[in-house]
Amino acid sequence: MDTTELRKFIDEKQPFEKAREGFWNWINTWKEEDPEDYFEAFRNEDISSIELTNQRIALVINCRFDTPIEFLQTTLNVYFKESLIAEYHYIQDFSGKAIDDVLSFEKYSILTMED
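Its first residue numbered 44, the sequence shown is counted upward by one per residue in my numbering.
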């Protein structure tokens, strides 16, 4: 399989940079729209130290539907206090337009474990 088109997309559309912007937008919107839920996750922690690292970019063909849905998914690892706490998935169509995003907390991260 030739990855030339995917590499061209990465160079032209900068999906990792877009995903970083999307992540911070997601976090800020969460804090604004559902402060109780946000506080339950982060308490009064200073989240400015969150580090985002590139995990992967993938061409996805989701066959769960009558007509398969094709998209590109960029995934960032989310580190907080030097621990992997989540993965952020940024989904785009082939023109680079954002379709959806989701923050998936790791089952055993410092934020999901009981005190």
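Glycine included, every Cβ here is placed at the ideal spot set by N, Cα and C.
Quick caveat: nothing in here was measured; it's all calculated off a predicted structure.
Under the criterion of beta carbons closer than 8 Å, PHE108 and ASP136 do not qualify as touching, at roughly 15 Å.
The stretch 114-130 makes contact with the stretch 49-63, as at least three CB pairs between them are under 8 Å.
When only Cα atoms are considered, PRO111 and ASN87 end up about 43 Å apart.
In this structure TYR131 is in contact with ASP144, their Cβ atoms being roughly 7 Å apart against a cut-off of 8 Å. Bounds of the alpha helix (DSSP H) holding ILE53 are 47-56. Ranked by Cα distance from SER126, the first of GLU55, SER92, GLU75 is SER92.
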